[in-house]
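K.L.:
From first to last, the protein sequence lines are chains A and B.
FYI, in our numbering the residues of the first sequence are 747 to 1113.
FYI, in our numbering the residues of the second sequence are 747 to 1113.
Just so it is clear, CB atoms sit at the ideal spot from N, CA and C, and this is done for glycine as well.
All figures in this text were calculated on a predicted structure; none of them were measured in a lab.
Below is one structure. I have some questions about it.
2 protein chains.
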Amino acid sequence: MTAQAAARYDDADFIRACRGQAHERVPVWFMRQAGRALPEYRAIRAEHEFEEVVRTPELAAEVTLQPVRRYGVDAAILFSDIVTPLQGLGVGVEIKPGVGPVVEHPVRSAADLERLRPLEVEEDLAFVMETVSILVDELEVPLIGFGGAPFTLASYLIEGGPSKSYTRTKQMMFADEALWHRLLERLADITLASLRGQVARGASAVQLFDSWAGALHPDDYARYVQPHSRRIFDGLADLGVPRIHFGVTTGELLGAMAEAGADVVGVDWRVPLTTARRRVPEGVSLQGNLEPAVALGPWELVEDRVRDVLRSAGGRPDHVFNLGHGVLPQTDPAVLERVVELVHREGRVAPPSATEAHGTGIGVARG
Amino acid sequence: MTAQAAARYDDADFIRACRGQAHERVPVWFMRQAGRALPEYRAIRAEHEFEEVVRTPELAAEVTLQPVRRYGVDAAILFSDIVTPLQGLGVGVEIKPGVGPVVEHPVRSAADLERLRPLEVEEDLAFVMETVSILVDELEVPLIGFGGAPFTLASYLIEGGPSKSYTRTKQMMFADEALWHRLLERLADITLASLRGQVARGASAVQLFDSWAGALHPDDYARYVQPHSRRIFDGLADLGVPRIHFGVTTGELLGAMAEAGADVVGVDWRVPLTTARRRVPEGVSLQGNLEPAVALGPWELVEDRVRDVLRSAGGRPDHVFNLGHGVLPQTDPAVLERVVELVHREGRVAPPSATEAHGTGIGVARG
Chain A
747 MTAQAAARYD DADFIRACRG QAHERVPVWF MRQAGRALPE YRAIRAEHEF
797 EEVVRTPELA AEVTLQPVRR YGVDAAILFS DIVTPLQGLG VGVEIKPGVG
847 PVVEHPVRSA ADLERLRPLE VEEDLAFVME TVSILVDELE VPLIGFGGAP
897 FTLASYLIEG GPSKSYTRTK QMMFADEALW HRLLERLADI TLASLRGQVA
947 RGASAVQLFD SWAGALHPDD YARYVQPHSR RIFDGLADLG VPRIHFGVTT
997 GELLGAMAEA GADVVGVDWR VPLTTARRRV PEGVSLQGNL EPAVALGPWE
1047 LVEDRVRDVL RSAGGRPDHV FNLGHGVLPQ TDPAVLERVV ELVHREGRVA
1097 PPSATEAHGT GIGVARG
Chain B
747 MTAQAAARYD DADFIRACRG QAHERVPVWF MRQAGRALPE YRAIRAEHEF
797 EEVVRTPELA AEVTLQPVRR YGVDAAILFS DIVTPLQGLG VGVEIKPGVG
847 PVVEHPVRSA ADLERLRPLE VEEDLAFVME TVSILVDELE VPLIGFGGAP
897 FTLASYLIEG GPSKSYTRTK QMMFADEALW HRLLERLADI TLASLRGQVA
947 RGASAVQLFD SWAGALHPDD YARYVQPHSR RIFDGLADLG VPRIHFGVTT
997 GELLGAMAEA GADVVGVDWR VPLTTARRRV PEGVSLQGNL EPAVALGPWE
1047 LVEDRVRDVL RSAGGRPDHV FNLGHGVLPQ TDPAVLERVV ELVHREGRVA
1097 PPSATEAHGT GIGVARG
């Protein structure tokens, strides 16, 4: 069942690009493609709170489908929140409108950590499993499973909410390394269980969001974070689905994030793809990275910048077009529609023979 | 007077390091060394609001001096706020405790821009001029003048306050480029006037903070921002004082920030100095870049990481030790005291003969 489900989209451009396999057209999807930029999403949110949408399979599936219908993107991503799997595990995580995740009992000591129980995916995340099943039936493009990486999850649990400087998080990391590793290992297991569950129900790829890991020095990332993200990626290896990894301000971490076990590294808009390519080992695909705010400018600018991204990806088969961060709520959906059209029209993967001559290794399928 | 004042510290390690000239001991100061980490600062703030401290020369001078007395750092930096020169110019800028700068009449149109009148430095910033004069008399180390770069100032004026994504700022930048350039030119002139005034009163160096420019793609930085920062640096050139430039998450912009005309580029803690050195042209010094949160960890960690920074600077004469961002309020001042001692004890600039052999160009004095 898993193997069949995973294999269903083996010929899809999105999956082939994740694997660096030859295909013709550059695939495209947008982080946060579901959500506040869409009037059809706002209509649902006028009736239902955010958490209600996430926890009601029919609603979560509907908002996941909305951008696929409207934009014609090459992949859907499960509508969820990074902290969703932590809810109901004993520490009191709530998603407050206009604030973000808020934690009733922040985890700052060994005793606090005791409160956090393991995830029973089929029970705790029954609504996610059901959402994925609905989506896999309805979708005609691959579904990307959604998970939060241990550092980013830890930052919410330790800070008690969103943070600017991650001071308490880093303080625990530096001052109580043993506790830190225990917490991150536990979080890795929670995310791993959630992602395995999503793939078991038919998700064709996964994206692990380490949204805030970019706040770390590369040495700290390597010592305190990478082993735990690796635990997740290694734990997914037998499933054979592409594993995407993304975080903002991660310019100096791109190589290390790839080495954690990602098949695809998502690139922040700050880092030109030509630069990112030098920092990420061959054999790992890149995803990105149009500056999201460009979509607020005139179409001539958008067009130029979409072409810049395509050019900087070099016509290689290992590129998935995306934004360099999530869709901004102020974005006009009509612009994103045109971006998809443009990428589909002009984003061409160079044929193997043409590019082998450039020594780029294109056409040598991996995986 | 200016030339004399500027020349007074020509032999100070800090000034020589900014100029890449031979000296023995690595100089050190800390961004936000004055402020909430210090009990003597909190004692003053218990009696006086932040704005009152900034606008009262005796108080502003006192809090500027506090960290010099306690830490024994090699430079003082004027205690001020990035938006201070914009206050009273017609748009209603206030610094709200716990929030930051808030703008009563955000600048989002040509008509809004009309409100912003030019700075008359001797009148509008009389209190700053007086503070600098007091400091220059009392200090026995160089004083660094303080200014906000046009992009960062514009972000406050356009957003109306602090922002996470700078959406309105980028929207104006992309959608009304002519208005954007007029606004930034005007802001550049305000900062230039403020910095020239500070140097005229005896500041020995200046630091231009483009705190939030790191939110930009390098192409956007080059097109929309760099010309205006260059206007400031060019306008300071005749004064002969070292010009330092800093912003966070600027890893991909370091070269462009140097090329705007900085003599010293401050490096965010995310970017190892060895990496930064490759991105910044020879002839430009580096400042930084201990991860500020390291100071919250055990001393053994702090010690290791201070030595890492010194090692990554390679004993070159063009390094000023600093944090990679401001001092965190939770920092124990005793730790920073020990950091200064350690840098002074172990931070040795390699003698020219030893390093010339490595072909690093060390010992060839610039400027």
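1) Rounded to whole angstroms, what's the CA-CA distance from B/Leu-1056 to B/Glu-770? Just pull it up for me.
2) Beta carbons nearer than 9 Å to chain B: which residues of the segment 945-965 of chain A have them?
3) Is it the case that the Cβ atoms of A/Gly-1034 and A/Gly-1012 are separated by a distance below 7 Å?
4) Spell out whether any CB of chain A is found under 7 Å from the CB atom of B/Phe-920.
5) Residues of chain B with CB under 9 Å from A/Lys-842, in chain order?
6) Could you list which residues in chain A have their beta carbon closer than 8 Å to that of B/Thr-1021, in chain order?
7) If we call anything under 7 Å between Cβ atoms a contact, is A/Ser-957 one with A/Val-987?
8) Can you find a CB in chain A that lies within less than 7 Å of the CB of B/Thr-1077?
9) For the alpha helix (DSSP H) that contains B/Ile-761, what are its first and last residues?
10) DSSP has A/Val-1011 in a bridge; who is on the other side?
11) Between the segment 909-916 of chain B and the segment 798-813 of chain B, can you find at least three pairs of beta-carbon atoms closer than 8 Å?
12) In the DSSP assignment, find the unbroken alpha helix (DSSP H) run with B/Ala-946 in it and report its ends.
13) Measure from the C-beta of A/Arg-1094 to each C-beta in chain B and report whether the shortest distance is under 7 Å.
14) Determine, using beta carbons only, whether A/Gly-846 and A/Pro-908 come nearer to each other than 7 Å.
15) Check this for me: beta carbons of B/Ala-934 and B/Ile-904, under 7 Å apart or not?
16) With a threshold of 7 Å between beta carbons, is A/Trp-1015 in contact with chain B?
17) I'd like to confirm something about B/Thr-898: is its beta-carbon nearer than 6 Å to some heavy atom of the ligand GDP, or not?
18) List, in order along the chain, the chain B residues whose C-beta lies closer than 8 Å to that of A/Gln-917?
19) For A/Arg-928, count the other beta carbons within 10 Å of its own beta carbon; 16 or more makes it buried, fewer makes it exposed. Which is it?
20) Which residues in chain A sit within 7 Å of B/Thr-898, going by Cβ to Cβ distance?
21) Let me know the secondary structure DSSP gives A/Val-1085 once reduced to three states.
22) Determine, using beta carbons only, whether A/Ala-712 and A/Val-809 come nearer to each other than 7 Å.
23) Use the C-beta contact count for B/Glu-998: other C-beta atoms within 10 angstroms, 16 or more gives buried, fewer gives exposed.
24) What first and last residue would you give for the beta strand (DSSP E) that runs through B/Ile-890?
25) Please report whether the beta-carbon of A/Leu-1047 lies at a distance below 7 Å from any beta-carbon of chain B.
26) Measure how close the beta-carbons of A/Leu-899 and A/Leu-832 come, nearest whole angstrom, since I'm counting them as under 8 Å.
27) Kindly list, in the order they appear in chain A, the residues whose Cβ is closer than 7 Å to that of B/Pro-1018.
28) Smallest Cα separation from A/Leu-784: which of A/Leu-1082, A/Val-1095, A/His-1090, A/Glu-1092?
29) Spell out whether any CB of chain B is found under 7 Å from the CB atom of A/Thr-699.
30) Does any residue of chain B have a CB that is nearer than 7 Å to the CB of A/Thr-995?
31) Report the rounded CA-to-CA distance for A/Leu-862 versus A/Ile-790, giving the unit in angstroms.
32) Of the residues that make up the segment 845-860 of chain B, which ones have a beta carbon closer than 9 Å to any beta carbon in chain A?
33) Smallest Cα separation from A/Pro-1078: which of A/Ala-1041, A/Val-1089, A/Asp-1054, A/Glu-1046?
34) Per the DSSP calculation, B/Phe-955 is bridged to which residue(s)?
35) What residues from chain B crowd round A/Ser-911, counting only those whose CB sits closer than 9 Å?
36) Can you tell me whether B/Glu-840 is helix, strand or coil according to DSSP?
P.N.:
In this structure, then:
1) As a first step, residue 1056 of chain B must be located in the second sequence, where it is residue number 310. As a first step, residue 770 of chain B must be located in the second sequence, where it is residue number 24. So the alpha carbons of these two residues sit roughly 13 Å apart.
2) Gly-960, Ala-961, Leu-962, His-963, Pro-964, Asp-965
3) On the first sequence, residue 1034 of chain A is found 288 positions in, with the first residue counted as 1. On the first sequence, residue 1012 of chain A is found 266 positions in, with the first residue counted as 1. Taking 7 Å as the Cβ cut-off, A/Gly-1034 and A/Gly-1012 qualify as a contacting pair.
4) In the second sequence, counting from the first residue as 1, residue 920 of chain B sits at position 174. Chain A, which has a Cβ nearer than 7 Å to the Cβ of B/Phe-920, makes this yes.
5) As a first step, residue 842 of chain A must be located in the first sequence, where it is residue number 96. Chain B residues near A/Lys-842: none, gap ~16 Å exceeds 9 Å.
6) By one-based count along the second sequence, residue 1021 of chain B stands at place 275. Among the residues of chain A, those whose CB is under 8 Å from the CB of B/Thr-1021 are Glu-998, following chain order.
7) Translated into positions along the first sequence, residue 957 of chain A becomes position 211. Translated into positions along the first sequence, residue 987 of chain A becomes position 241. No, the pair does not count as a contact, with Cβ atoms beyond the cut-off.
8) Looking up residue 1077 of chain B in the second sequence gives position 331. So, not an interface residue.
9) Mapped onto the second sequence, residue 761 of chain B falls at position 15. Its alpha helix (DSSP H) spans residues 759-764.
10) Taking the first sequence and counting its residues from 1, the one referred to as residue 1011 of chain A is at position 265. Per DSSP, the beta bridge partners of A/Val-1011 are A/His-991, A/Leu-1032.
11) Counting C-beta pairs with one atom in each stretch, the segment 798-813 of chain B and the segment 909-916 of chain B have fewer than three that are closer than 8 Å, which means they do not touch.
12) Here residue 946 of chain B refers to the residue found at position 200 of the second sequence. Looking at the DSSP string, the run of the alpha helix (DSSP H) that includes B/Ala-946 is 923-946.
13) In the first sequence, residue 1094 of chain A corresponds to position 348, counting from 1. Answer no: the Cβ-Cβ gap between A/Arg-1094 and chain B never drops below 7 Å.
14) Residue numbering aside, residue 846 of chain A sits at position 100 when the first sequence is read from its first letter. Residue numbering aside, residue 908 of chain A sits at position 162 when the first sequence is read from its first letter. For A/Gly-846 and A/Pro-908, yes; Cβs fall inside 7 Å.
15) On the second sequence, residue 934 of chain B is found 188 positions in, with the first residue counted as 1. On the second sequence, residue 904 of chain B is found 158 positions in, with the first residue counted as 1. No, these two residues do not count as a Cβ contact at 7 Å.
16) Along the first sequence, read from residue 1 onward, the residue named residue 1015 of chain A stands at position 269. It does: the Cβ of A/Trp-1015 has a partner Cβ on chain B nearer than 7 Å.
17) The ligand GDP is not among the ligands present in this structure, which contains no ligands whatsoever.
18) Taking the first sequence and counting its residues from 1, the one referred to as residue 917 of chain A is at position 171. Near A/Gln-917 (Cβ distances below 8 Å), the residues of chain B are Ala-1039, Leu-1042, Gly-1043, Gln-1076.
19) For the purposes of this step, residue 928 of chain A is taken as residue 182 along the first sequence, with counting starting at 1. With fewer than 16 other Cβ atoms within 10 Å, it is exposed.
20) Reading the second sequence from its first residue, position 152 is the one you call residue 898 of chain B. In chain order: nothing, as chain A lies at least about 16 Å away.
21) One-based indexing of the first sequence puts residue 1085 of chain A at position 339. Helix.
22) Since the first and last residues shown for chain A are 747 and 1113, residue 712 of chain A lies out of range.
23) Looking up residue 998 of chain B in the second sequence gives position 252. Classification of B/Glu-998: buried, given that the 10 Å Cβ count is 16 or more.
24) Sequence index remark: in the second sequence, residue 890 of chain B carries index 144 (1-based). Residues 889-894.
25) Counted from its first residue, the first sequence places residue 1047 of chain A at position 301. Answer yes: the Cβ-Cβ gap between A/Leu-1047 and chain B drops below 7 Å somewhere.
26) On the first sequence, position 153 is the one that residue 899 of chain A refers to. On the first sequence, position 86 is the one that residue 832 of chain A refers to. Their Cβ separation, rounded to whole angstroms, is 6 Å, which keeps A/Leu-899 and A/Leu-832 in contact under 8 Å.
27) Along the second sequence, read from residue 1 onward, the residue named residue 1018 of chain B stands at position 272. Pro-964, listed in chain order.
28) The residue labelled residue 784 of chain A in the question sits at position 38 within the first sequence. When each option's Cα is compared against that of A/Leu-784, the closest is A/Leu-1082.
29) Within the shown structure, residues of chain A are numbered from 747 to 1113, placing residue 699 of chain A beyond reach of any answer.
30) Taking the first sequence and counting its residues from 1, one reaches residue 995 of chain A at position 249. Yes, contact with chain B.
31) Locating residue 862 of chain A in the first sequence gives position 116, counting from the first residue. Locating residue 790 of chain A in the first sequence gives position 44, counting from the first residue. Using only the alpha carbons, I get a separation of about 32 Å.
32) none
33) For the purposes of this step, residue 1078 of chain A is taken as the residue at position 332 of the first sequence. The question names Pro, but residue 1078 of chain A is Asp in the sequence shown. Minimum Cα distance to A/Asp-1078 is reached at A/Ala-1041.
34) By 1-based counting over the second sequence, the position of residue 955 of chain B is 209. According to DSSP, which records beta bridges pairwise, B/Phe-955 is partnered with B/Gly-894, B/Phe-992.
35) The residue given as residue 911 of chain A occupies position 165 in the first sequence. The contacting residues are Pro-1038, Ala-1039, His-1071, Leu-1074.
36) Counted from its first residue, the second sequence places residue 840 of chain B at position 94. Of the three classes helix, strand and coil, the one that applies to B/Glu-840 here is strand, per DSSP.
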